[in-house]
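Notes follow the structure.
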Amino acid sequence: MLNPIDTEVVIREGGAVGRFPGEIHEGVAWWLGACLVVTFKARRIGVAHDGHPVIAEFASRFCRGAINAQHYACNVRFLGHQTEERLLKALKGFQGAPGAWLSTSTDDMTLTIRIKLYNQQGLVLDETNGLAKIRRMIAEDHVPIPVNDQARGTVEPWHDQLPSVDGAS
């Protein structure tokens, strides 16, 4: 692992949570994207974020990890800046695809990054439905990598009927 993290501290509360910079870095998002795909053997996932400039890079890395997860050739439907509720509605339309909501919060000038992971039923991951497996994969440096270029997935902007939060479609 090139840039290790304390997985017990960071991989919690439905995904990953940590101060940035410090506890969490952009590579964690890549690892989570790849591990989510492999954990659920996902051919499609949905990803959205809260629009903060820092979280946009985390979302980009998450998507890149997901499309490079072993042989799954995952199609990432990238919703961009949307609310968490809109992501969950979109996931239902993706016929049981897992997903991720990336967000930020600031407290006393400290930026906190949160990457919340959802299973195929739209439930936040916990210790019994995938989070423990993902934490173990990252802690043991078993983050999945692509087997070849043909196994690489795609990232597609999602333009369904939901307008973005900022009014653009």
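The number in the numbering used here is simply the position in the sequence shown, starting from 1, with 1217 added. Glycine residues also receive a C-beta, built at the ideal position from the N, C-alpha and C atoms.
- From the listed residues Ala1246, Gln1287, His1266, Gly1263, the smallest Cα separation to valine 1364 is found for Gln1287.
- Residue burial annotation: serine 1320 is buried, with at least 16 other C-beta atoms found within 10 angstroms of its C-beta.
- Around valine 1226, the same chain offers Gly1235, Glu1240 as residues with beta carbons nearer than 8 Å, after the five sequence neighbours per side are excluded.
- Bridge pairing for aspartate 1366: absent [DSSP].
- For arginine 1369, the CB contacts under 7 Å within the same chain, skipping 5 residues up- and downstream, are Ile1284, Asn1285, Ala1290, Pro1363 in chain order.
- If you compare the alpha carbons of Phe1237, Gly1232, Pro1221 with that of methionine 1326, the shortest gap goes to Phe1237.
- Counted as a single uninterrupted DSSP element, the alpha helix (DSSP H) harbouring isoleucine 1351 occupies residues 1348-1356.
- Looking from the CA of glutamine 1299, the closest CA among Phe1257, Glu1230, Pro1315, Gly1268 belongs to Gly1268.
- Distance from glycine 1231 to aspartate 1358 at the Cβ level is roughly 22 Å; contact not present, criterion being Cβ atoms closer than 8 Å.
- The residue from Ile1228, Thr1323, Glu1243 with its alpha-carbon nearest to that of asparagine 1220 is Glu1243.
- Alanine 1246 is positioned such that its CB atom lies closer than 9 Å to that of phenylalanine 1279.
- Boundaries of the beta strand (DSSP E) harbouring proline 1374: 1371-1374, taken from the DSSP string.
- Ranked by Cα distance from glutamine 1312, the first of Val1255, Leu1249, Gly1263 is Gly1263.
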